[in-house]
Each structure stands twice: as C-alpha cells, then as structure tokens.
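Please read the structure below before turning to the comments.
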Amino acid sequence: MRGWTILIGTFVIGVVVGFGAANRGPALIAPYVHKTSSGSGEHIEGQVVRKQREGNRLLVRINTAQGPMLVTFTQKVADFDVLLDPGDTVTLTVPGYATFVEDPVFERIKAPPAKSP
C-alpha cells in the first residue's frame, strides 16, 4: 500500500510541475534567450533617412519597400547613435511590418558606398 501512495504522489507532483513549466516557463526564460533564436520574424531591409536622439532613446526613420518605419531604441542608445548614419542600409528582424517599432533586432548594417574623387 505504501508503494502505491509514493507512486501516485510522484505522479501528481510530476503533473503539477509539468503544467507549471508549460505555463510559466517561457516567461521565466525569455529574458535569457536571444530574440533571434525564436526563429519567428520577418527580415525587412531599408535605408536610414534620419536619426534623432532624445535623452535616453533614439528615433530612427527608415524607408522600406513596404513603407516608412519609425524605429525607437531604448537599449544601447549610445551605441546605435554612433553606429547608424543617414544613408545606411539596415536589415531588421521584426514580427511583421509596422509603422512604429520598438527595439528591433539588427541583422546587418551596411554603410553607403564611398564616393571616389
């Protein structure tokens, strides 16, 4: 009888832990997993038209084939401010095209070709 009690108790604990991991697990590990590892997202390429820094955020206007985008950066603002210049071609990974995007993932930043004299 004691063996069955241990077996049923172990099964119930396993079910509870399984449901808890399925429901709360993704929210707990999301900050530690890189955004591009999820595989979901659309690669959008466009050209930087203008950038403007406002305190602790950077606003960047990008022209894409789908239309204009206003991209807002709130993380690594100083780095992106130095890295991005008008005329650069960027490739972003976003869930889908949107006019306003916050903190997208950069796939590539390509400077315009240098003009020869």
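Position one of the sequence shown corresponds to residue 3 (our numbering), numbered consecutively onward.
For every residue, glycine included, the Cβ atom is placed at its ideal position computed from N, Cα and C.
The continuous alpha helix (DSSP H) containing glycine 5 extends over residues 4-31. Look at the stretch 57-100 and you find these whole runs of beta strand (DSSP E), each 3 residues long or longer: 59-66, 70-75, 91-96. Around the beta carbon of leucine 85, fewer than 16 other beta carbons sit within 10 angstroms, so the residue counts as exposed.
Out of Glu47, His45, Arg59, Glu109, the CA that lies nearest to the CA of alanine 80 is found in Arg59. In this chain, valine 35 is not harboured by any beta strand (DSSP E), its DSSP state being neither H nor E. Within the same chain, and ignoring the five residues on either side of threonine 66 in sequence, the residues whose Cβ sits closer than 6 Å to its Cβ are Ile46, Gly48. Around the beta carbon of valine 62, a 10 Å sphere encloses 16 or more other beta carbons of the protein chains shown; the residue is thus reported as buried.
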